[in-house]
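Chemist: Quick one: structure below, then a few questions.
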Amino acid sequence: MESDLDISRSIELAPIEEIAWKMGIGVEELIPFGRHMAKVTWPAIRSRLDRPRGSLVLVTSVNPTRYGEGKTVTTIGLSMGLNKIGKNSACVIREPSMGPVFGIKGGAAGGGHVQVLPMEDINLHFTGDLHAVTSAHNLCSAILDNHLHHGNKLEIDSSRLLWPRVIDMNDRTLRGAAIGLGGPGNGVAREERFDITAASEVMAILALATDYEDLRKRLGNIVIGSTKDGKPVKAEDVGAAGTMALLLRTAFLPNLVQTTEGTPAFIHAGPFANIAHGNSSIIADRLALSIHDIVVTEAGFGADLGAEKALHIKTNASGLAPDCIVVNVTVRSMKMHGLGMVGLPNGKDALDEENVEMVRHGASANLSRHIENMSRFGPDVIVSINRFPTDSDGEISAIMEIAKDAGAADVALYEGHSKGGEGAVELANAVSKAVQRHMAAGRPFNPLFEGNAPVIEKIENIAKSIYGASGISIKPRAKKQLDKINEWGYGNLPVCMAKTQYSFSHDPAQYGAPTDFTLPVREFRLNAGAGFIVAVCGDMMTMPGLPKIPAAEGMDMDKDGNLTGIFS
């Protein structure tokens, strides 16, 4: 079987100017990064924002296995399939982080015959956006520490700083660190925390900003700590916001590449969905919607995380609600939930063996709840079964039956990985019909709560309505943090839940659709610039660690500079 790398290298890519020209974007409206990647200039974007918008399709998923269920493959392939049936379509996805690339998950550029290309460049550095986010974030850290060192005019309390440092890597040793050691010449000695870049508030701002003015304003509104008398200190106050904006000037522009079949793909911003809001940028969506009939985007991890945040955080900022929601599912994931629910081993070997009973058991719980949850928001829910070679007809049939019983408007078999766009035609037809129905009905959209509801009310609503919890518990430290957030006047911001992606609950070992559990909120983090409050649940970490055998160990470079052992 051909590897992803072999397939990607076998494709003769069109010059990026040709991809842009087919969309009506001229050469002078591009900033090229080599022959096959480019950014679209701000004047080109601004001139198109008032055009009539196309339809937005949101692709989400069930709670995944650790191996991934092909949501990005489905997103890319669906856009290819829509083009196959005569729809002018593009996809908008997030940028890969080097943490997962070198960890357990690998790349984030699709797979098989459904990829965004050039895959190697996209997964490694790309156009430098994540480096720009890292630099902008850490510049603010450096300016803050410099202010403390040179007299601390604002009387900032160094024991109550809220601004960590970030790095685009999985490195658990940096979850807690000491800085400024070695004497007063090295700054103020204090404890420090590192997050992964994808969890940075700057990354969230990049994804949520609607124009340069909004970007600059949001950066200035970042709360980085408090004064000794308890007042908030912002990035604007220490003089960091302007230079942060300069570092993000080019990163703010969406990136244009192509799929394995030459259809356009926008890749921009990369917040994780388990520890951040998990969606690509608003500006990339708006640009794509100004050009295409149907734009397909994805929300990270399961519908309980990325999709919920897309529908309550991203839509709140953009005003762009989806016209159809696609829930991606695999036989493997449903088998994992079924086996896990009855306490049986669910390693990779067990997941490859036929077991219709366990598939049915898992789907009746996990898939059904995701369908029911997403159906509340208004658009039709289409279930896409991402077929693997080991799936049996009986297992596929079980999922189809359960999905329809749970309220899915349609169920489609998806085989894009092996067949490219042709393998996505069935799904494309189902999605196209769903979009037409939603538009004919006036595009109804029903968020679960009012945007200005108190934080606790929002968390309780999400925990009970989406996760199936019986209630929530706020730890003493978190209560103090929320009291301060309310005192500062931010108590009505949207809430961004940080929890495990493997379960509806906070416990990754709780498979299926657990109920009657209490969701523990151990910490609140104010992201005033991004415009939301992060509620950290359970043992969730905002700096991941590498697995025992990281993917990085199998990667190398040959004497000609070619990558080996990567994304195979």
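Counting in this note's numbering, the final residue of the sequence shown is number 568, and the numbers go up one at a time with none missing.
The beta-carbon is built from N, C-alpha and C at its ideal position, and this holds for glycine as well.
Quick one, which of Met37, Phe517, Ile11 has its alpha-carbon nearest Leu256's?
Modeler: In terms of Cα proximity to Leu256, the closest of Met37, Phe517, Ile11 is Met37.
Chemist: When you compare each of Thr41, Asp483, Gly242 to Val231 by their alpha carbons, which one comes out closest?
Modeler: According to the sequence as given, residue 231 is Lys; it is not Val. When only C-alpha atoms are compared, the closest one is Asp483.
Chemist: Three or more beta-carbon pairs under 8 Å between the stretch 164-184 and the stretch 233-249, yes or no?
Modeler: no
Chemist: Can Met98 and Ala109 be called in contact, C-beta distance under 7 Å?
Modeler: no
Chemist: Beta carbon of Gly378, beta carbon of Pro271: below 7 Å?
Modeler: no
Chemist: Which class does Asp157 belong to by DSSP, given the choice of helix, strand or coil?
Modeler: coil
Chemist: Going by C-alpha to C-alpha distance, which of Lys309, Ile196, Phe194, Ile179 sits closest to Val188?
Modeler: Ile179
Chemist: Looking at the structure shown, is Met336 part of a helix, part of a strand, or coil, going by DSSP?
Modeler: helix
Chemist: Taking the alpha helix (DSSP H) that Gln501 falls in, what are its first and last residues?
Modeler: Per DSSP, Gln501 belongs to no alpha helix (DSSP H) and is neither H nor E.
Chemist: One question on the structure: do His417 and Gly111 come within less than 7 Å of each other, judged by their Cβ atoms?
Modeler: yes
Chemist: Within 7 Å of any Cβ in chain B, is that where the Cβ of Asn221 sits?
Modeler: Any reference to chain B falls outside this structure, which holds one protein chain only.
Chemist: What are the complete alpha helix (DSSP H) segments, minimum 4 residues, inside the stretch 385-412?
Modeler: 393-405
Chemist: Taking the alpha carbon of Asp168 as the reference point, which residue from Ser159, His131, Leu161 has its own alpha carbon closest?
Modeler: His131
Chemist: Would you identify the three-state DSSP class for Glu298, choosing helix, strand or coil?
Modeler: strand
Chemist: Can you give me the Cβ contacts of Ala403 inside the same chain, cut-off strictly under 7 Å, excluding the 5 residues immediately before and after it?
Modeler: Answer for Ala403: Leu367, Ile371, Val383, Val411, listed in chain order.
Chemist: Could you tell me the distance, in whole angstroms, from the CA atom of Ala535 to the CA atom of Met497?
Modeler: Rounded to whole angstroms, Ala535 to Met497 spans 5 Å at the Cα level.
Chemist: Classify Arg477: buried if its beta carbon has 16 or more other beta carbons within 10 angstroms, exposed otherwise.
Modeler: Exposed, since its Cβ has fewer than 16 Cβ neighbours within 10 Å.
Chemist: If you run the structure through DSSP and keep just helix, strand and coil, what is Met358?
Modeler: Three-state result, Met358: helix.
Chemist: Using a 10 Å radius around the Cβ and a threshold of 16 neighbouring Cβ atoms, would you call Ile566 buried or exposed?
Modeler: buried
Chemist: Just grab the DSSP bridge partners of Tyr414 for me.
Modeler: DSSP lists Asn386 as partners of Tyr414.
Chemist: In three-state terms, what does DSSP make of Ala552?
Modeler: helix
Chemist: Is the separation between the beta-carbon of Phe571 and that of Met543 shorter than 7 Å?
Modeler: Here the chain has residues from 1 to 568 only, and residue 571 is not among them.
Chemist: Across the stretch 454-468 and the stretch 348-367, are there enough close Cβ pairs to call them in contact, namely three or more that are closer than 8 Å?
Modeler: no
Chemist: Rounded to whole angstroms, what is the Cα-Cα separation between Ser432 and Thr263?
Modeler: 17 Å
Chemist: For the candidate residues His506, Ile533, Gln501, whose alpha-carbon lies nearest to that of Cys490?
Modeler: At residue 490 the sequence reads Tyr, which differs from the Cys that was named. Looking at the Cα atoms, Ile533 is the closest of the given residues.
Chemist: Quick check on Gly111: does DSSP put it in helix, strand or coil?
Modeler: strand
Chemist: So, is Leu339 buried or exposed, given that buried needs 16 or more other C-beta atoms within 10 angstroms?
Modeler: buried
Chemist: Compare the beta carbon distance of Met374 and Ala303 with 7 Å and say whether it is the shorter of the two.
Modeler: yes
Chemist: Kindly indicate which residue of Asp352, Asp507, Ala310, Met336 has the alpha-carbon position closest to the one of His361.
Modeler: Met336
Chemist: Taking buried to mean at least 16 other C-beta atoms within 10 Å of its own C-beta, is Thr390 buried or exposed?
Modeler: With fewer than 16 Cβ atoms within 10 Å of its Cβ, Thr390 is classed as exposed.
Chemist: Rounded to the nearest angstrom, what separates Glu298 and Arg525 at their Cα positions?
Modeler: 25 Å
Chemist: Let me know the secondary structure DSSP gives Asp229 once reduced to three states.
Modeler: coil
Chemist: Over the uninterrupted beta strand (DSSP E) stretch that includes Lys39, give me the two end residues.
Modeler: 38-40
Chemist: In the DSSP assignment, find the beta strand (DSSP E) that holds Ile291 and state where it starts and stops.
Modeler: Here Ile291 belongs to no beta strand (DSSP E), and DSSP marks it neither H nor E.
Chemist: Have a look at Phe33 and His125 and give me their C-alpha separation to the nearest angstrom.
Modeler: 12 Å
Chemist: Nearest to Arg332 by alpha carbon, out of Ala528, Val425, Ile385?
Modeler: Ile385
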